[in-house]
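Single-structure report; data block below.
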C-alpha cells in the first residue's frame, strides 16, 4: 500500500459521511476542530479525497481561500492503516496544485504535525502575516478556521499547542 495505490480526486457529496469518519478520531484527540456535516457539505467543493482502486476513501483534505493571495490547508486526515504510505502527501500536493491554479501565493496551516508540513515546504511563523486592513476584513468572517488563523480569543481552547505554519508558492 503506497500513494501509487491511491488516486486523488475532487470530493463529491456522497463522500461526506466518509470524510466525517476520517476526521472524527482526530477531533476526539483535539488535533482537528470538529465540523458539523452541514459544514462539510457546504464546503465539499474545497475537498479532495484519496481513493483506492476499489473505491475506498482513505484520506481527505481541503483548501479554503481566505483572501486574494492566501488560503488554508485544512481537514487533512488519513485512515490510520494508511498513515506513512504517502496518502497525506498525495492529498496535500493536489491541494497545492489547486492553490496555484487559483493564483494563490501563500498557504497557511495550524497544525500539530509540524514535521509532516515541514517536509512539504511549510515553515513555522509566529508574527502576523497579514496587514491590518486585511485583518479587519477577515475578522468579519464567521468561519472558525479564519478565527483560528487570526488567533482570536474565541478559538483559543481549540488551538492551544498548535503551530502556525506558512508556505510560499
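Numbering (the numbering used here), first residue to last: 420 to 588. Positions of the beta carbon are idealized from the N, C-alpha and C atoms, including for glycine.
Could you check the C-alpha separation between residue i and residue j for me, to the nearest Å?
i, j, result
"residue 469", "residue 535", "17 Å"
"residue 445", "residue 430", "20 Å"
"residue 589", "residue 507", "With the chain covering only 420 through 588, there is no way to say anything about residue 589."
"residue 494", "residue 473", "23 Å"
"residue 588", "residue 525", "6 Å"
"residue 488", "residue 517", "13 Å"
"residue 448", "residue 585", "23 Å"
"residue 480", "residue 545", "24 Å"
"residue 371", "residue 475", "As displayed, the chain neither begins before 420 nor continues past 588, which places residue 371 out of reach and without an answer."
"residue 458", "residue 437", "14 Å"
"residue 455", "residue 441", "13 Å"
"residue 426", "residue 485", "27 Å"
"residue 490", "residue 582", "16 Å"
"residue 450", "residue 443", "10 Å"
"residue 501", "residue 539", "18 Å"
"residue 498", "residue 477", "5 Å"
"residue 428", "residue 461", "18 Å"
"residue 503", "residue 439", "21 Å"
"residue 521", "residue 514", "11 Å"
Please state the DSSP three-state secondary structure of residue i.
i, result
"residue 483", "strand"
"residue 424", "helix"
"residue 536", "helix"
Between the options, which has its C-alpha nearest residue i's C-alpha?
i, options, result
"residue 465", "533, 477 and 482", "482"
"residue 452", "515, 540, 424 and 531", "531"
"residue 433", "449, 505, 467 and 486", "467"
"residue 529", "541, 458, 439 and 461", "541"
"residue 527", "424, 463, 492 and 471", "492"
Residues bridged to residue i by DSSP?
i, result
"residue 466", "481"
"residue 530", "582"
Ends of the alpha helix (DSSP H) at residue i?
i, result
"residue 455", "Where residue 455 is concerned, there is no enclosing alpha helix (DSSP H), given that its DSSP letter is neither H nor E."
"residue 440", "435–447"
Assuming residue i is part of the beta strand (DSSP E), what are its boundary residues?
i, result
"residue 516", "First-last for residue 516: 506–521, but that is the alpha helix (DSSP H), not the beta strand (DSSP E)."
"residue 497", "489–497"
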